[in-house]
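See structure below.
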Amino acid sequence: MRKLRNPFAGHPGYNCFGCSPHNSAGLKMEFRESGDEIISFWEPDEHFQGFSDILHGGIQATMMDEIASWVVFVKLGTAGVTRRLNTIYRKPVRLSAGGITLRAKLVGTKRNLATIGVTLYDGAKKACSEGVVEYFLLSAERALKEMYYPGKEAFTTDERDDENEW
């Protein structure tokens with residue numbers, strides 16, 4: 002498993018709720034690449050709960066949307082915008098169960114649309130929610146101009162993270 006770099010982190014005005022390391026209210030998600038998947042390990046904080054000890058469903062959906070965008074960045078080599086997000090909540094995600102894992106991969110593309118499948122696992126590695134995210138893909142020119150997309154290579158590192166492999 003290879004850690005991914007967030008090339009947007011130093012960009013002026015960058016404050017993404019999902020992945021900015023500097024957004025004090027944000028999720029601060031980080032990502033890794035393993036084969037055809039993008040993976041995120043995330044430690045929940047109690048201010049992201051809905052009911053007591055349960056991760057808010059809107060936060061789960063936000064995390065699915067965020068990791069799907071990283072599939073677009075890293076696997077498709079462009080940027081995009083969310084067109085549709087369908088979420089199925091199978092069981093509560095208990096904060097007390099520990100770290101959460103999200104796994105996402107490209108399901109398919111058709112013209113300028115990409116479909117990404119995402120599964121969210123609780124600390125016991127049980128699938129709790131699933132999402133299908135459809136992204137409208139931007140041309141290379143629009144991705145650079147409108148989203149400051151730096152190119153696929155800007156996300157890659159040689160840094161390995163095999164301790165989290167499962």
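The numbering of the sequence shown is the working numbering, which starts it at 2 and goes up by one.
Ideal Cβ placement from N, Cα and C applies to all residues, glycine included.
For clarity, every value in this text was computed on a predicted model and none was experimentally measured.
- What does residue 115 pair with, by DSSP beta-bridge criteria? As a position in the sequence shown, residue 115 is number 114, starting the count at 1. Within the DSSP secondary-structure output, residue 115 pairs in a beta bridge with 110, 136.
- In three-state DSSP terms, what is residue 102? The residue given as residue 102 occupies position 101 in the sequence shown. Strand at residue 102.
- Among 54, 79, 15, 104, which has the Cα closest to the Cα of residue 43? Counting from 1 along the sequence shown, the entry for residue 43 is found at position 42. That would be 104, whose Cα lies nearest to the Cα of residue 43.
- Task: For residue 94, I'd like the list of residues in its chain whose CB is within less than 6 Å of its CB, leaving aside the five on either flank, ordered along the chain.
- Result: For this step, residue 94 is matched to residue 93 along the sequence shown. Cβ neighbours of residue 94 beyond the five flanking positions: 56, 123, 129.
- Item | According to DSSP, residues forming a beta bridge with residue 82 | Numbered from its first residue, the sequence shown carries residue 82 at position 81. DSSP lists 137 as the bridge partner or partners of residue 82.
- Message: Quick check on the DSSP output: the beta strand (DSSP E) that includes residue 159 runs from which residue to which?
- Response: As a position in the sequence shown, residue 159 is number 158, starting the count at 1. Secondary structure note for residue 159: its beta strand (DSSP E) is the uninterrupted segment 157-161.
- Item | For residue 121, the residue or residues it bridges with in DSSP | Translated into positions along the sequence shown, residue 121 becomes position 120. According to DSSP, residue 121 bridges with 103, 130.
- Reference residue 136; option with closest CA among 8, 96, 86, 143: To locate residue 136, count along the sequence shown from 1; it is residue 135. The shortest Cα separation from residue 136 among 8, 96, 86, 143 belongs to 86.
- Message: Quick check: residue 121 and residue 50, are their CB atoms within less than 7 Å of each other?
- Response: Residue 121 sits at position 120 when you count from the first residue of the sequence shown. Residue 50 sits at position 49 when you count from the first residue of the sequence shown. Not closer than 7 Å, so no.
- Find out if the Cβ-Cβ distance for the pair residue 68, residue 41 is shorter than 7 Å. Here residue 68 is taken as the residue at index 67 of the sequence shown, counted from 1. Here residue 41 is taken as the residue at index 40 of the sequence shown, counted from 1. Going by beta carbons, residue 68 and residue 41 fall inside the 7 Å limit.
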